[in-house]
Amino acid sequence: KQEVTQIPAALSVPEGENLVLNCSFTDSAIYNLQWFRQDPGKGLTSLLLIQSSQREQTSGRLNASLDKSSGRSTLYIAASQPGDSATYLCAVQGGKLIFGQGTELSVKP
Amino acid sequence: GAVVSQHPSWVICKSGTSVKIECRSLDFQATTMFWYRQFPKQSLMLMATSNEGSKATYEQGVEKDKFLINHASLTLSTLTVTSAHPEDSSFYICSARDRVPGYSGANVLTFGAGSRLTVL
Numbered sequence: 019k020q021e022v023t024q025i026p027a028a029l030s031v032p033e034g035e036n037l038v039l040n041c042s043f044t045d046s047a048i049y050n051l052q053w054f055r056q057d058p059g060k061g062l063t064s065l066l067l068i069q070s071s072q073r074e075q076t077s078g079r080l081n082a083s084l085d086k087s088s089g090r091s092t093l094y095i096a097a098s099q100p101g102d103s104a105t106y107l108c109a110v111q112g113g114k115l116i117f118g119q120g121t122e123l124s125v126k127p
Numbered sequence: 002g003a004v005v006s007q008h009p010s011w012v013i014c015k016s017g018t019s020v021k022i023e024c025r026s027l028d029f030q031a032t033t034m035f036w037y038r039q040f041p042k043q044s045l046m047l048m049a050t051s052n053e054g055s056k057a058t059y060e061q062g063v064e065k066d067k068f069l070i071n072h073a074s075l076t077l078s079t080l081t082v083t084s085a086h087p088e089d090s091s092f093y094i095c096s097a098r099d100r101v102p103g104y105s106g107a108n109v110l111t112f113g114a115g116s117r118l119t120v121l
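Each protein sequence line maps, in turn, to chains D and A.
Sequential numbering of the first sequence, starting at 19, is according to the working numbering.
Sequential numbering of the second sequence, starting at 2, is according to the working numbering.
What follows is the structure, encoded as structure tokens:
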């Protein structure tokens, strides 16, 4: 059974810092891994999708890496801004899409 | 890009009534849709997988008679919460599978904006 864990559960940083969110999964037989953003009371916004054959994806200030063999992914956010404050979820897709518990990020001005 | 519409975005109902939530894929056909539930400050938990033209597959612990899922067309799946009770109050999110050209076997999921159900 696939289990997805995200560390830390919550993170508070000052504006401008670079930060790393971590995601680990137990079963490496996945099609892809996605990082999502969720604002309070809202749905999901897809940030980055990494196919199982890829090592990383970049979009603007975001960079996500995937190491399937070790069951790990990281989301790197450069030069954080208050508008980045949200909950970040990683999810791995095998037959089903399984989510981690999320990291609640707060970027303080 | 692929868009999934969910309706209603929020609903308040009395205990004992039934509530229907719709999930539509607007610009693609979705043979498979997924229904998730999210409690406050928690992650999304998969409730069931909805396949067009066949019965839904429910995850362990999810009552199929409580949460009725119908996927009658390639663009619409519905979740009906029957005889709703306050403990059914939650955020329900659907997603639909859209194939990414060039990636065989790697299906991208697009999510709806969610439906917040409050049962009084």
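Ideal Cβ placement from N, Cα and C applies to all residues, glycine included.
Annotation for Arg117(A): the continuous beta strand (DSSP E) segment containing it runs 116–120.
Ala104(D) and Glu64(A) have their C-alpha atoms roughly 32 Å apart. Secondary-structure assignment with DSSP links Phe35(A) through a beta bridge to Thr50(A), Ser96(A). With fewer than 16 neighbouring CB atoms inside 10 Å of its own CB, Ile13(A) falls in the exposed class. As a beta-bridge residue in DSSP terms, Pro32(D) pairs with Lys126(D).
The distance from the Cβ of Leu80(A) to that of Ser96(A) is about 12 Å, inconsistent with a contact at the 8 Å cut-off. Inter-segment contact for the stretch 55–66 of chain D and the stretch 31–42 of chain D is absent: fewer than three beta-carbon pairs are separated by less than 8 Å. Flagged as an interface residue toward chain D: Phe112(A), by a C-beta distance shorter than 7 Å. Glu60(A) and Ser44(A) have their C-alpha atoms some 16 Å from each other. Tyr37, Gln39, Lys42, Gln43, Ser44, Leu45, Met46, Leu47, Thr50: these are the residues of the stretch 37–55 of chain A whose beta carbon lies less than 9 Å from some beta carbon of chain D, given in chain order.
Taking a Cβ-Cβ threshold of 8 Å, the residues of chain A close to Gly61(D) are Gln7, Ile94, Phe112, Gly113, Ala114, Gly115, in chain order.
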